Amino acid sequence: MTTQKYPNAFRSDVADNYHGTVVPDPYRWLETADSAETVAWVAEQGTLMNAERETWTTRDDFADRMQQLLSAGTLSPPYYRGDRTFLMRRNPGEQFASLLVIENGIERVLIDPMALDPEGLTTLDSWQPSKEGDRLAYQISEGGTEESVLYVMDVATGEIIDGPLDRCRFSPIAWLVGGEAFYYVRRIAPELLPESEQNFHRRVYLHYVGGNEDILVFGAGMNMTNYYGVHVSLDGRWLEVSAAEGTEPRNDLWVADLSKSDPEDPSFTLVQGDVDAQTSLSFARDGRIFVTTDRDAPRAKLAVADPKDLTSWTDIIPEDPDAVFDSFAILDGEELEFPLMMVAKTRHGVGELAIHRADDGTFIENVPLPGAGTTSGPVEHINGGPVIWFVYTDHATVPHVYQYDARTREVTLFSSPPGAVVVPKVHSSLVTYKSKDGTEVRMFIVSPVEKPDFPRPTVLYGYGGFGIPMTPGYSAATLAWVEAGGVWAIACLRGGGEEGEEWHRDGMLDKKQNVYDDFHAAAQYLASEGWTTPEQLAIYGGSNGGLLVGAAVTQQPQLFNAVVCVAPLLDMNRYITYELDPTWTVEHGNPDDAE
1 MTTQKYPNAF RSDVADNYHG TVVPDPYRWL ETADSAETVA WVAEQGTLMN
51 AERETWTTRD DFADRMQQLL SAGTLSPPYY RGDRTFLMRR NPGEQFASLL
101 VIENGIERVL IDPMALDPEG LTTLDSWQPS KEGDRLAYQI SEGGTEESVL
151 YVMDVATGEI IDGPLDRCRF SPIAWLVGGE AFYYVRRIAP ELLPESEQNF
201 HRRVYLHYVG GNEDILVFGA GMNMTNYYGV HVSLDGRWLE VSAAEGTEPR
251 NDLWVADLSK SDPEDPSFTL VQGDVDAQTS LSFARDGRIF VTTDRDAPRA
301 KLAVADPKDL TSWTDIIPED PDAVFDSFAI LDGEELEFPL MMVAKTRHGV
351 GELAIHRADD GTFIENVPLP GAGTTSGPVE HINGGPVIWF VYTDHATVPH
401 VYQYDARTRE VTLFSSPPGA VVVPKVHSSL VTYKSKDGTE VRMFIVSPVE
451 KPDFPRPTVL YGYGGFGIPM TPGYSAATLA WVEAGGVWAI ACLRGGGEEG
501 EEWHRDGMLD KKQNVYDDFH AAAQYLASEG WTTPEQLAIY GGSNGGLLVG
551 AAVTQQPQLF NAVVCVAPLL DMNRYITYEL DPTWTVEHGN PDDAE
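UniProt numbering numbers the first residue of the sequence shown as 1 and each following residue consecutively.
So this is what it looks like as C-alpha cells:
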C-alpha cells in the first residue's frame with residue numbers, strides 16, 4: 001500500500017431517530033453529489049486510488065488476459081417468427097451484441113448499439129418481433145441510463161415506423177395477431193405525479209402502431225409500486241396480465257379471452273389473487289394451458305389448467321424435493337408417436353434437462369449435457385416440431401447453442417460463438433459446508449488443482465437475495481484469476497434461488513442475517529480446508545451482493561483482507577428514499593415500520 005493520506009471526511013452531527021433509537025449519520029453531506037465538499041472529497045479519493053493502482057505491476061497483463069478470454073464473443077439461440085429467424089451476436093472485439101435477422105438464408109443487422117452510439121453509452125435493452133415477424137418493437141437506453149425508449153421497426157426495410165415512446169423501463173411487449181397493435185407497460189406522465197412517485201405508477205396500455213393515444217387496459221387504482229407482466233398467446237386468443245408489488249416473491253394473475261372481448265376493453269378473469277405464490281401461464285399450440293407455479297411447491301411444479309376454469313389445475317410435473325423447476329418446451333409433429341416436453345431443472349445449482357411425455361408428464365430420459373453447468377432455454381419453433389434449442393455453459397466453457405432432435409434423441413452442437421479462445425485448464429467442484437445454525441450450504445470452487453495443495457489468494461463471491469441463484473457460468477475474470485494461481489469461490493447463500501422459494505425466504509426480511517452467517521461460514525470453510533487464509537482472502541459482491549460484503553466486513557472483518565464492494569445498497573435506514581428502492585421493502589423490510 002502507498003503511504004498517501006486518505007481524504008479528510010468531517011463528521012457532522014446529523015442523526016435520525018428510528019422508533020426511539022438515535023442513529024448518527026455523520027457523512028450524509030456526501031449524498032449531495034454536486035456540492036463543493038463532495039466534489040473535492042471524490043477528487044482526492046480518486047487521486048489516492050490512482051496512486052495505489054499504479055503499484056499493481058500485473059494489472060495490465062491481467063486485463064489483457066481477460067480481453068483474450070472475452071474474444072470468443074456471444075451467440076443466442078434462434079428465435080423464429082413468421083419466415084424470419086432473429087438472433088443476437090457479439091463478434092470478437094465488439095462491446096455489445098447486435099440484433100440480426102435471417103431471411104431466405106440472408107443475414108443482416110437490424111440493430112447495432114455501437115452504430116447508434118460509437119461512444120458505447122447506448123444499449124439495446126429488449127426486443128420483441130410481431131408474431132408474423134414483419135415488425136419489431138425494441139427498447140434502447142441512451143447516455144448510460146436504464147430509461148428505455150421504445151421504437152417500432154419495419155423489419156423488411158429497417159425503417160423506424162413508430163416511437164419514441166418513453167417511460168417504459170423494463171416493459172414487456174405483447175403483440176396482437178396481425179402486428180397492428182401491442183400491449184406494453186408504461187409509467188404515468190411525471191407532471192401528473194408528486195416528484196417522489198414519478199418512478200412508479202405503471203399501467204398496461206394497448207398501443208396501435210403509428211397511433212398517438214394509448215388505451216389504458218389495466219392497473220388503474222392498484223399499488224403504485226406494482227410491476228406488470230403482459231403476454232398474448234401465439235394464436236391471439238389469450239391475454240395474460242400479472243402484477244407483483246415491487247420485488248415480492250408472489251403475484252396476482254388475470255386472463256382475458258380476446259375471442260370473446262374487445263382487446264381495447266378486455267374482460268379479465270382472476271386466476272390467482274392474494275395467494276402467496278408465483279404463477280405464470282403458457283398457452284400451448286394444442287389449446288392446453290400450462291401453469292408454472294410454486295404454490296404449495298417451493299421448488300415449483302408444472303400443471304395443466306382447464307380452459308373453462310383456469311383456477312382448476314392438474315399437476316403434470318410435480319415438485320421435485322431436490323431440484324427447482326425452471327422451464328419447459330414442447331416437441332411435437334407428425335413424426336413423433338406422441339408429443340414430448342423438455343423440462344429444465346436446477347439441482348443444487350447445476351442445470352439438467354429431461355424428456356417427458358407432454359400428455360401426462362411421464363419421465364422418459366435425461367438429456368446428456370457437456371458437463372455440470374447451466375442451461376438456458378429450452379426454445380421451441382413457433383410452428384412446433386421435433387427440434388428444440390438450448391444454451392449450455394459452465395465455469396470453463398463459453399456458452400454454446402445445442403439442438404435436441406426428438407426423432408433421433410440426439411443432442412448436437414447447433415452454433416458456437418463467432419471467435420476462438422484458448423481456455424485454461426481449471427477444476428470446478430461443488431462442496432457443502434455448514435452455516436452458523438447448522439444449515440447445509442453449497443459453494444462452487446474453481447481452482448488450478450482438484451484439492452488444496454497450499455493456501456492461495458482467493459476471491460469469495462456472493463449475492464444472496466431476491467431468489468437469484470448462483471449457477472456455473474463462463475467468466476473471464478474467474479478464469480484469468482485461477483490461471484494466475486488463485487482460487488475463485490461462489491457461495492450459494494440463503495436468499496438466493498438455488499434451492500427454491502423457501503431458501504429465498506430464509507434469507508430475506510427478519511432472516512437476512514442468515515445470508516451473512518452463510519457467507520462468514522464460507523470464508524471459514526475455505527480457510528479450514530486449506531484453500532486460503534484470512535490474509536489471502538478477498539470478498540466480492542455487487543448490488544445486493546454489495547450489501548452482503550459490506551455487512552460481512554462490518555461484522556467479521558478478521559475473516560477477510562480485501563473487499564470489492566460494487567454498486568452497493570448500504571444505508572438500510574434511508575434506502576427507501578432513493579429512486580426505485582421502495583420496491584425492495586418486500587426483500588429488506590421498511591425502516592418506517594417499528595417491527
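Don't be surprised by glycine CBs; every beta carbon is placed ideally from N, CA and C.
Here the structure is a predicted model, which means the values were calculated and not measured.
- Taking a contact to require three or more Cβ pairs closer than 8 Å, the region 447 to 459 and the region 518 to 531 qualify as touching.
- Per DSSP, the continuous alpha helix (DSSP H) segment holding LEU479 begins and ends at 476 to 483.
- Its chain contains VAL421, VAL423, ALA476, LEU479 and ALA480 as the residues whose beta carbon lies nearer than 8 Å to that of LEU69, once the 5 sequence neighbours on both sides are disregarded; these appear in chain order.
- The beta-bridge partner set that DSSP reports for PRO24 consists of ALA15.
- One alpha carbon belongs to GLN278, the other to GLY467, and they sit about 12 Å apart.
- PRO386 and LEU331 do touch by the CB rule: their CB atoms are close to 5 Å apart, below 8 Å.
- For THR269, the enclosing beta strand (DSSP E) starts and ends at 268 to 272.
- For the beta strand (DSSP E) assignment, the uninterrupted runs of no fewer than 3 residues enclosed by the region 290 to 345 are, from N- to C-terminal side, 301 to 306, 309 to 317 and 324 to 331.
- Per DSSP, GLN45 is one residue of the alpha helix (DSSP H) stretching across 36 to 53.
- Classified as buried, LYS345 has 16 or more neighbouring CB atoms from the shown chains inside 10 Å of its CB.
- When secondary structure is reduced to three states using DSSP, PHE200 falls in the coil class, being assigned neither helix nor strand.
- According to DSSP, residue pairing for ASN366 in a beta bridge involves ALA354.
- Less than 8 Å separates the beta-carbon of GLY473 from that of THR374.
- With fewer than three CB-CB distances shorter than 8 Å, the region 221 to 231 does not count as touching the region 262 to 272.
- Note on the region 392 to 469: whole beta strand (DSSP E) runs with a minimum of 3 residues are 397 to 405, 410 to 415, 427 to 434, 440 to 447 and 458 to 461, in chain order.
- Here the alpha carbons of ARG186 and ILE215 stand approximately 11 Å from one another.
- By the neighbour-count criterion, in which 16 or more other beta carbons inside 10 Å mark a residue as buried, ILE355 falls on the buried side.
- The beta carbon of ASP506 sits closer than 6 Å to the beta carbons of ARG494 and ASN514 from its chain, once the five residues preceding and following it are set aside; these are given in chain order.
- By the beta-carbon neighbour count (other beta carbons within 10 angstroms, threshold 16), LEU302 is buried.
- The way I'd put it, the region 562 to 572 does touch the region 531 to 551; three or more beta-carbon pairs between them come closer than 8 Å.
- The beta-carbon separation of ALA358 and PRO339, rounded to 4 Å, stays under the 8 Å limit for a contact.
- With contacts defined by Cβ atoms closer than 8 Å, GLY361 and ARG285 do not form a contacting pair.
- DSSP places LEU176 outside both helix and strand once states are collapsed to three, so it counts as coil.
- DSSP links VAL217 through a beta bridge to no other residue.
- Per the coordinates, the alpha-carbon of GLN536 lies some 26 Å from the alpha-carbon of ASP394.
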